[in-house]
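The sequence shown begins at 11 in the working numbering and counts up one residue at a time.
Idealized CB from N, CA, C, for every residue including glycine.
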Amino acid sequence: NITGGYYAMRLPVCEYLDKIGRQATILVLREIRKEYYAPLGVGIVRECTRRAMRSVPRKVESIDEAFNFMKTRLKISVDDLKNRSWVLENYGKQKGLSEYY
11 NITGGYYAMR LPVCEYLDKI GRQATILVLR EIRKEYYAPL GVGIVRECTR
61 RAMRSVPRKV ESIDEAFNFM KTRLKISVDD LKNRSWVLEN YGKQKGLSEY
111 Y
């Protein structure tokens, strides 16, 4: 069940997007490893996401460059993640208004 984590991450992301006056599709990842022996609940997820939204972003030129960076930071398979994520599966497929008019 990821509902609590979803809303815990969504709040600081929405706060940030509201602050900068933007809309966005965003993918937030939190890898839980064996070393994470004492889950602290959604509060830690919310605060870590807030801290991430305050930090300087790492800019990349392409989605492939982002995936390559993720491979250096995550132990899970990024390829498996790409196959299971709706956001990643539909990346770049959103139609603009100009396509309808």
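- Note on geometry: alpha-carbon atoms of residue 19 and residue 89 lie some 23 Å from one another.
- The alpha-carbon separation between residue 91 and residue 77 amounts to approximately 10 Å.
- Put simply, the backbone Cα of residue 103 is about 34 Å away from that of residue 53.
- The criterion of a C-beta distance shorter than 8 Å is satisfied by residue 79 and residue 68.
- Look at residue 50 here: in three-state DSSP terms it is coil, with no helix or strand label.
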